[in-house]
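In this note's numbering, the protein residues as written are -18 to 392.
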Ligand code: ARG
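Now the structure itself:
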């Protein structure tokens, strides 16, 4: 074995177990397995260290990055309002840059010369991991076994594992691919590749079927400080705890299921199903508070920024100058996004009950139909005349043309 080390993004599943062995055989590297705890749950994390070593890794790092994921990635995303193609709350996409960052940090710490990952050659995840690595340490070599080896399917991997005596994880085969973290769970591929086919009822993990949700609505208030949620029903929560608590609450009301045919970065359309319970509520409440506190032009402009921000996250362009520059804009807009949104949760739906904010620009004296002193209705006439001047000019021209035609037609 060479003394060169490679850091592998390791999940303990079939693919990455096979990759450990394959990398050793093909490149002769020492394998440093790295598993990021992004909230995928204990069943995925249990016994990982032993498994990795048994499979042939020389060491393994299991890094709990949940807090960092929420504070430095998810909450800024919520502040931005990013939603990809109108539906997808970017749960997989937002976790990739921070995992990539950990891979680089550990590669530098152990003196590795390369990093590897188990993402396939058709998906978005390969791009996101590799963009993170390129941005943070372009000297690291990147190896993506799925783009190099001859295996085509799960059974090819199982055969190789049997040949090489690789202990393969004893998880039941899933009829689709799953990616889970503290923000969401995604399902795609396999039987879901038929967009006409409704997913099985028992596929979902984080939300109940809205039909089976309680018959009584539940009230919930969320408080934000400069766009960051910090309390539920008046009780303070740390960032991670707040997201986990919201997942529970939203999940039992069947909130946050999405079925989407999305455009992948590599060009094809793909069908994905997502559960983002807490995230759906947070995104909803945050937007509600912005509508209450931001001035019209900033709010409208921010909507276009949100589209771009979503694209940047989806495309893996987190560690870029544009994302940082947009963050500057977003941070400024959030200075007055402070207040509380009261919601009602009921069978998959969220409705607003009320809002309060010390910074609201909503002024009952302005909107009222009663007589008031701040607003003189006579002013509206001048406004309409001037703002509508281009329409008047165009209208005059059209009328003149009509007359000309009529005269030509007569003669
Ligand atoms: N289509 C989603 C995205 O690109 C989810 C990807 C899920 N990844 C996975 N390895 N199962 O963000």
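Just so you know, even glycine gets a beta-carbon here, dropped at the ideal spot from N, CA and C. Note that this is a predicted model, so its numbers are computed, not measured.
- Taken through DSSP and simplified to helix, strand or coil, residue 318 comes out as coil.
- By the beta-carbon neighbour count (other beta carbons within 10 angstroms, threshold 16), residue 111 is buried.
- Remark: the shortest separation between the CB of residue 232 and any heavy atom of ligand 1 does not fall under 6 Å.
- Boundaries of the beta strand (DSSP E) harbouring residue 335: 330 to 337, taken from the DSSP string.
- Only residues of its own chain outside the window of five on either side were considered, and among them 96, 113, 114, 117, 118, 121 have a CB closer than 8 Å to the CB of residue 85, listed in chain order.
- If you check the C-beta of residue 105 against ligand 1, you find a heavy atom less than 6 Å away.
- Between residue 295 and residue 65, the gap from beta carbon to beta carbon is short of 7 Å.
- Unbroken beta strand (DSSP E) runs of no fewer than 3 residues, entirely contained in the stretch -5 to 33, are found at 11 to 18, following chain order.
- Residue 244 has 250 as its beta-bridge partners, per DSSP.
- When rounded, the separation of the alpha-carbon atoms in residue 26 and residue 36 is 15 Å.
- The beta-bridge partner set that DSSP reports for residue 166 consists of 161, 256.
- Sequence-distant Cβ neighbours of residue 52 in its own chain, meaning closer than 7 Å and more than five residues away, are 220.
- DSSP, read as helix, strand or coil, puts residue 280 in helix.
- For residue 383, the enclosing alpha helix (DSSP H) begins and ends at 370 to 391.
- Taking the Cβ of residue 353 as the reference point, every heavy atom of ligand 1 lies at 6 Å or farther away.
- From the listed residues 261, 47, 143, 133, the smallest Cα separation to residue 2 is found for 143.
- Judged by beta-carbon spacing, residue 313 lies beyond the 7 Å limit of residue 274, meaning their Cβ atoms are not closer than that value.
- In this structure, 158 is the residue among 158, -6, 308 with its C-alpha nearest to the C-alpha of residue 174.
- In the three-state reduction of the DSSP assignment, residue 187 falls in the coil class, being assigned neither a helical nor a strand state.
- Taken in chain order, the complete alpha helix (DSSP H) segments of 4 residues or longer contained in the stretch 93 to 122 are 106 to 117.
- For residue 182, there is no enclosing beta strand (DSSP E), as DSSP marks it with neither H nor E.
- At least one heavy atom of ligand 1 sits closer than 6 Å to the Cβ of residue 253.
- Taking 6 Å as the cut-off, the C-beta of residue -8 does not count as close to any heavy atom of ligand 1.
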